[in-house]
Amino acid sequence: MSKQVAEIQEEINWHWRNTMRPIRFFKFDAKAAIPFCLLLVYLRVSTIVFAIVVMLFFWILEKNGLTFDAAMRSVRTLLFGKERPALMAFRFRRLRDYG
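Encoded structure:
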């Protein structure tokens with residue numbers, strides 16, 4: 268009986284399971300569709316090449332197991348290092364001796 272109740276609860280809440288998945292445009296990440304919106308307005312060979320390059324960029328990211336946001340975080344780590352202090356250097360409190 269408890270298994271049936273668990274299955275019913277799972278059926279009720281099935282839509283929450285897919286809320287963190289990336290949005291898709293055909294087979295690619297939806298952010299790759301932005302150049303195609305530009306392509307509708309400005310139909311030139313350079314825009315077609317730009318759209319294809321962006322699609323290839325997102326495809327390579329997905330083949331490496333990264334989303335665009337995760338790739339930008341890894342680039343930030345590569346450029347600035349892994350240490351991220353909570354306070355900036357000028358806000359650290361220094362010890363003072365009033366005696």
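Following this note's numbering, the numbering of the sequence shown begins with 268 at its first residue and continues without gaps. The C-beta atom is built at its ideal place from N, Cα and C for all residues, glycine as well.
- Distance between Phe293 and Leu323, taken at the CA atoms: about 14 Å.
- Contact between Val321 and Ala299 holds, with the beta-carbon distance rounding to 6 Å and staying under 8 Å.
- Here Asp364 is exposed, its C-beta having fewer than 16 other C-beta atoms within 10 Å.
- Ala318 places its beta carbon less than 9 Å from that of Leu306.
- Of all alpha-carbon atoms in Ala273, Trp326, Gly332, the one lying nearest the alpha-carbon of Phe295 is that of Trp326.
- Note that the C-beta distance between Pro302 and Thr334 is not below 9 Å.
- Assigned with DSSP and collapsed to three states, Asp364 falls in coil, not helix or strand.
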